[in-house]
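**Student:**
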Amino acid sequence: MYRHLTLLRLRWYALATGRVLVRHWQGFVLAGALVPGGMPVGRLLTGLGYPLLAALQVGHDVLWHWWRLVAIQGLALAWVMVQRRHIDGGAFMAYARSLPLSVNQRRRVDLSVLLPANSLLLVPVVALLVVAPTGLLGATATPFLVATVCVVTGLVLLAELAELERQLAALLTFGLADALLSWSLSRPVDPASWLALSGALLIGASFLVLRHPLQASLQTWVRRRVTQSLPGGRRLFSFLPPAWRIQAQVLWVRHPEGTALRTASVFALALAADWLMQKFAFDARALPTAILGMAAIALIASGLYRILQSAHRPVQPYLHALPLSKRFWTLQDTAFVAAFGTLPLAVLLAPIFIHLNAPVDTTLALVLAYFVLLALLRLPLVHGGRQAVLLGVILAGTWSGAAMAVVR
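With this note's numbering applied, the sequence shown closes on residue 449, and no number is skipped along the way.
Here it is in structure tokens:
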């Protein structure tokens with residue numbers, strides 16, 4: 042049964058993911074074009090494994106390691122959350138759940154599907170495991186580093202499994218496991234560090250055999266809160282105007298995973314641009330960095346146009362019957378996306394106002410041009426069809442080049 046169910050789930054995942062790749066092939070081609078050619082294999086592997094190595098370097102305090110481990114797990118959980126429909130197996134699983142399968146059998150199948158689903162996230166893990174024995178990483182305790190990478194990978198897979206099973210209380214357990222793992226990384230490598238490393242993995246795996254007392258109460262509380270405050274999202278978004286309330290329900294109630302990931306991405310880009318400008322000491326490279334960050338944030342935020350447009354399409358006959366202008370929802374969607382992009386823009390431009398002392402008219406012109414770009418991106422994202430991503434990237438790239446030419 043495990044073999045047949047796993048093959049069916051993997052086949053569904055491959056078909057569903059393949060359809061996504063076909064729709065967005067331009068983005069993957071552009072991402073591949075950014076990989077520098079002629080780079081030595083050793084440097085490429087070291088670069089791929091560096092983000093994970095930076096979080097696992099010994100010698101820092103517990104908090105320094107803990108929040109980085111939590112961030113890694115949060116990224117993995119968001120990655121799986123976006124693919125939940127593909128990983129769950131589709132409508133077929135409604136029948137499969139009625140079969141007399143044990144919990145362990147279902148978990149084995151889930152883990153078998155999670156491995157290919159995490160193929161992109163496992164690239165840094167494989168790169169670090171390949172590079173670690175070669176000595177390219179310098180004076181590091183290689184056995185302890187390899188063991189730590191394996192434990193982190195195991196905790197991430199277990200956390201994703203808990204997310205698929207909707208065991209919210211287990212996430213608190215993984216926070217405790219991360220704390221113990223952080224303590225082992227904050228001290229010299231000794232038997233206590235190895236013991237803490239093993240304990241972190243055991244604590245993370247405890248949800249496989251224990252049903253935490255907090256789990257049932259937490260699930261009941263969450264279900265009650267969702268029932269009370271989200272009957273279609275009416276009470277949660279009651280402070281918004283009626284049109285924006287509908288749009289917020291579409292994004293946060295119907296598409297919560299993708300909206301959460303998109304929100305985290307734009308704020309992460311804004312913070313990364315701020316960090317780069319700080320590293321550049323706010324010299325002549327700071328303003329071009331801010332412009333590139335604005336173009337990337339606008340491109341990610343503009344993806345909301347397609348979600349909103351797909352929500353409007355099934356109810357077009359009803360919308361046409363309302364006493365509204367023909368461009369009403371076009372203007373409302375544009376205004377909503379502009380409001381969505383305002384907060385990351387404020388985070389991005391705050392250091393410029395504080396440190397760069399840029400002219401006010403230049404900064405205001407950049408802000409105005411940013412909102413013009415957000416409005417223009419609606420055209421390729423809604424009417425571009427399969428070329429939407431490519432046309433959006435071309436428009437954002439052209440805008441950033443023109444903006445850099447003007448500010449110089």
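A virtual CB, placed ideally from N, CA and C, is assigned to each residue, including glycine.
Starting from D402, trace the alpha helix (DSSP H) both ways and give me its first and last residue.
**Tutor:** That run of the alpha helix (DSSP H) goes 401 to 417.
**Student:** Compare the C-alpha of G334 against each of G382, G433, M122, L310 and name the closest.
**Tutor:** Per the Cα distances, L310.
**Student:** Is it true that the CB of L340 sits closer than 7 Å to the CB of A119?
**Tutor:** Cβ distance not < 7 Å, so A119 and L340 don't count as in contact.
**Student:** Which class does H127 belong to by DSSP, given the choice of helix, strand or coil?
**Tutor:** Helix at H127.
**Student:** With distances taken from CA atoms, which of L199, A95, L205, V190 is nearest L238?
**Tutor:** For the residues L199, A95, L205, V190, the minimum Cα distance to L238 belongs to V190.
**Student:** Tell whether a beta-carbon distance below 7 Å holds between V123 and E298.
**Tutor:** For V123 and E298, yes; Cβs fall inside 7 Å.
**Student:** Are the CB atoms of M445 and P392 nearer to each other than 7 Å?
**Tutor:** Contact: no.
**Student:** Taking the beta carbon of Y136 as the centre, do at least 16 other beta carbons fall within 10 Å, making it buried, or is it exposed?
**Tutor:** Exposed, because fewer than 16 other Cβ atoms sit within 10 Å of the Cβ of Y136.
**Student:** Give me, in chain order, the residues of the same chain whose beta-carbon lies closer than 8 Å to that of G100; leave out the 5 immediate sequence neighbours on both sides.
**Tutor:** Closer than 8 Å at the Cβ level, and outside the excluded window around G100, lie S227.
**Student:** Would A314 pass as a contact of W440 if the rule is Cβ separation under 7 Å?
**Tutor:** No, these two residues do not count as a Cβ contact at 7 Å.
**Student:** Please tell me whether A284 and Q373 are closer than 7 Å, where the distance is taken between their beta carbons.
**Tutor:** A contact, by the Cβ cut-off of 7 Å.
**Student:** Between the beta-carbon of D151 and the beta-carbon of L212, is there less than 7 Å?
**Tutor:** Cβ distance not < 7 Å, so D151 and L212 don't count as in contact.
**Student:** Just how far apart, CA to CA, sit V307 and T383?
**Tutor:** Distance between the alpha carbons of V307 and T383 is about 11 Å.
**Student:** Taking a contact to mean a Cβ-Cβ separation below 7 Å, would you say A416 touches T371 in this structure?
**Tutor:** Result no, Cβ atoms of A416 and T371 do not sit closer than 7 Å.
**Student:** Who are the Cβ neighbours of N159 in its own chain at under 6 Å, not counting the five residues just before and after it?
**Tutor:** No residues qualify anywhere along the chain.
**Student:** How would you write the range of the alpha helix (DSSP H) that V197 sits in, first residue to last?
**Tutor:** Unbroken alpha helix (DSSP H) run through V197: 183 to 205.
**Student:** Have a look at G195 and A233 and give me their C-alpha separation to the nearest angstrom.
**Tutor:** Answer to the nearest angstrom: the Cα atoms are 20 Å apart.
**Student:** Below 7 Å CB to CB, which residues in the same chain sit around R50 once its five sequence neighbours on both sides are set aside?
**Tutor:** Excluding positions up to five away in sequence, the list reads G130, V150, V154.
**Student:** What number of angstroms, rounded off, separates the C-alpha of D231 from the C-alpha of L243?
**Tutor:** Looking at the two C-alpha atoms, the distance is approximately 19 Å.
**Student:** If L436 sits next to L418, beta carbons under 8 Å apart, how far is it from one beta carbon to the other, in whole angstroms?
**Tutor:** Rounded, the Cβ-Cβ distance is 6 Å, consistent with contact.
**Student:** Could you compute how far the alpha carbon of V187 sits from the alpha carbon of T403?
**Tutor:** Distance between the alpha carbons of V187 and T403: 50 Å.
**Student:** Identify the continuous alpha helix (DSSP H) that holds K367 and give its terminal residues.
**Tutor:** Taken as a continuous stretch (DSSP letters only), K367 belongs to no alpha helix (DSSP H), as it is neither H nor E.
**Student:** Am I right that L432 and Y411 are in contact with their C-beta atoms under 8 Å? What's the rounded C-beta distance?
**Tutor:** That belief does not hold up - the Cβ atoms of L432 and Y411 are roughly 19 Å apart, past 8 Å.
**Student:** Of all the options L142, L110, V356, which has the alpha carbon lying nearest to the alpha carbon of A200?
**Tutor:** Among L142, L110, V356, the Cα nearest to that of A200 belongs to L110.
**Student:** Could I get the ranges of all uninterrupted alpha helix (DSSP H) runs contained in the region 213 to 250, with 4 residues as the minimum, in chain order?
**Tutor:** With a minimum length of 4 residues, the continuous alpha helix (DSSP H) runs that stay inside the region 213 to 250 are 232 to 245.
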